[in-house]
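A quick write-up on the structure given underneath.
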Amino acid sequence: MIQHVKTATGGYDIHIESGLLAHAGSLLPLNRRVLVLTDDGVPAAYAAAVAAQCKSPVLVTVPMGEGSKSIARFEEILSRMLQAGFTRTDAVVAVGGGVVGDLGGFIASAYMRGVDFYNIPTTLLSQVDSSIGGKTAVNLGGIKNCVGCFYPPKGVLIDPDVLATLPPRQIAAGMAEVIKMAATFDAPFFEALEAGSLPMPAVIARALAIKARVVEADEKESGLRRVLNFGHTIGHGIESCGGLFHGECVALGMLPMCAPAVRERLLALYARYGLPTAFSGDVERVIEALSHDKKLDGACLRTVYVERVGSFAIKEEPLDVFSARVREVYAS
Ligand SMILES: NC(=O)c1ccc[n+]([C@@H]2O[C@H](COP(=O)([O-])OP(=O)(O)OC[C@H]3O[C@@H](n4cnc5c(N)ncnc54)[C@H](O)[C@@H]3O)[C@@H](O)[C@H]2O)c1
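Quick note, the sequence shown lines up with residues 129 to 460 if you use our numbering.
Put into structure tokens, the structure is as follows:
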């Protein structure tokens, strides 16, 4: 299956199909020098399979984890490309999760003012979310995604088979973003998730279609795309306390941001897909972190709220009203 994403500079195709990894060379123009970027938590066979289909591959494996989204790593890999004689007509392919995709995209955007970038996401989160939309970044000074740019890929290959090696907790974290998209945009999709009636490739395709529509409407995140932040305001606060994956924090972050009837349905989905159904951490610390959140405008907080599954509204409310609801929901 192919989905197309339109961008200001043209657009790109997303190919979704089992076994695609073995056909990367027939779908992407890899007949040149290609930096194949992966991390040491991704099974080595995936990047090796892609490298084997490039005319002149340079395989770089960074340590897994958020620490690799750094300026130091960015500089080191650009230097490797320079030493290997990369020119403007060469390319970068990321084979990994959101960490490798964000880093690889940023490297591609900067090398000689931009070389072609292809993304082969291997986590559920990166397959349904981070691999499309063109956001690239590294972290700086403890601030996540502080330095980066919008640089759409030239193509995305999604092979659902690679999820077979992904730990169940990472699958659940990716499902949180899927549930987020269904909750805000697509009630029938939400119902299908409740029924567990869709195979994983169909889940990926449906979530991607929503994200594609949103980023097409708002490529540089100045309006509609903020809806994708449903659950993220509180989620970031929870994430700053440590210990939970991003998707788990987003799942918990959605709970105070919806009507009680929606919350009940979310909780049932979390139980089904292995996501946390209760927050046992320090709620006051989360609220404190939120007071410093960039979305805070004066004493009011602008957040995405879901009154009815499949729809959303931007809610602007005083911090104390918002905090009271967060305390109440997490206490129950
Ligand atoms: N650009 C965007 O729009 C966007 C959106 C959301 C998140 N992000 C970024 O994405 C990153 C998180 O991405 P993530 O959740 O994919 O985490 P990740 O890239 O850290 O991957 C999670 C772990 O899974 C391992 N892994 C990857 N694929 C595997 C596979 N198939 N089998 C076994 N192990 C595998 C990795 O080595 C890593 O240890 C964050 O840095 C976040 O900021 C970016």
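For each residue, glycine too, the CB sits at the ideal point set by N, CA and C.
Could you pull out every residue in the same chain whose Cβ sits closer than 7 Å to the Cβ of residue 261, ignoring the five residues on either side in sequence?
-> 339 and 343
Do residue 305 and residue 253 come within 9 Å of each other at the CB atom, strictly closer than that value?
-> yes
Residues near residue 352 in its chain [Cβ-Cβ closer than 7 Å; skip 5 each side] = 342, 345 and 346
Indicate whether residue 209 and residue 163 have their beta-carbon atoms separated by less than 9 Å.
-> yes
Tell me, please, whether the stretch 297–316 touches the stretch 436–448 by the rule of three or more beta-carbon pairs shorter than 8 Å.
-> yes
Count the C-beta pairs between the stretch 174–183 and the stretch 368–377 that are closer than 8 Å, then say yes if the count reaches three, no if not.
-> no
The stretch 356–365 contacting the stretch 315–335, beta-carbon criterion three pairs below 8 Å = no
Can you tell me the Cβ-Cβ gap for residue 378 and residue 415, rounded? I've got them flagged as a contact below 8 Å.
-> About 17 Å; that fails the 8 Å criterion.
Cβ neighbours of residue 404 in the same chain (closer than 8 Å, five flanking residues each side left out) = 372, 376, 379, 380 and 398
Within the present structure, is the beta-carbon of residue 139 separated from the nearest heavy atom of ligand 2 by less than 8 Å?
-> This structure lacks ligand 2; its bound ligands are ligand 1.
Reference residue 275, options 290, 238, 388 and 302, closest by Cα = 238
Rounded C-beta distance between residue 251 and residue 225? I'm assuming under 8 Å.
-> 4 Å
Pairwise C-alpha distance: residue 243 and residue 406 = 45 Å
Which whole-angstrom value describes the C-beta separation of residue 143 and residue 155, a residue pair presumed to lie in contact below a C-beta threshold of 8 Å?
-> 6 Å
Tell me, which residues are paired with residue 131 by DSSP?
-> 142
Could you give the DSSP three-state label for residue 199: helix, strand or coil?
-> helix
Give me the Cβ distance between residue 188 and residue 196, rounded to the nearest whole Å; I'm assuming they're in contact under 8 Å.
-> So it is not a contact: roughly 11 Å between Cβ atoms.
Name, in chain order, the residues that DSSP records as bridge partners for residue 376.
-> Beta-bridge pairing links residue 376 to no other residue.
Who are residue 263's beta bridge partners in DSSP?
-> 278
Within 10 angstroms of its Cβ, does residue 283 collect 16 or more other Cβ (buried), or is it exposed?
-> buried
Rounded C-alpha distance that separates residue 290 from residue 329 = 11 Å
Mind pulling the alpha helix (DSSP H) runs of 4 or more residues that sit fully within the stretch 216–241?
-> 226–238
Spatially closest choice to residue 181 from 228, 153 and 325, by CA coordinates | 153
For residue 448, count neighbouring Cβ atoms within 10 angstroms of its own Cβ and tell me buried if that reaches 16, exposed if not.
-> exposed
Looking at residue 290 and ligand 1, is the gap between the Cβ and the nearest heavy atom below 8 Å?
-> yes
Does the Cβ of residue 174 lie closer than 8 Å to at least one heavy atom of ligand 1?
-> yes
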